[in-house]
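Undergrad:
Residue numbers (the UniProt record's numbering): 1 to 63.
What follows is the structure, given as structure tokens:
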């Protein structure tokens, strides 16, 4: 993923804390299976749902 370090966690174990949701937006394309979530402040892909593993969330370590 564009040279960043990320790790995959099971969807049921992933949780946003505090008021995080007000700072993110989601982008999809094509089949809408992959969902890329961007930080509205810095533009980094904070986390995303992979097409190859829709039951997991790939979280970006640097965000």
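We put the beta carbon where it would ideally sit given N, CA and C, even for glycine.
Go through its chain and collect everything with a Cβ distance to residue 11's Cβ below 7 Å, but skip five positions before and after it.
TA: Contacts found: 55, 56 and 57.
Undergrad: Do residue 60 and residue 40 have their C-beta atoms closer together than 8 Å?
TA: Result no, Cβ atoms of residue 60 and residue 40 do not sit closer than 8 Å.
Undergrad: Using the three-state DSSP reduction, which class does residue 46 fall into: helix, strand or coil?
TA: Residue 46: strand per DSSP, three-state reduction.
Undergrad: Please look up how many angstroms separate the CB atoms of residue 51 and residue 33, rounded, as I've assumed it's under 8 Å.
TA: Yes, residue 51 and residue 33 are in contact; Cβ-Cβ is about 5 Å, under 8 Å.
Undergrad: Tell whether a beta-carbon distance below 8 Å holds between residue 37 and residue 45.
TA: Going by C-beta atoms, residue 37 is nearer than 8 Å to residue 45.
Undergrad: For residue 23, which of helix, strand or coil comes out of DSSP?
TA: Residue 23 falls in the helix class under three-state DSSP.
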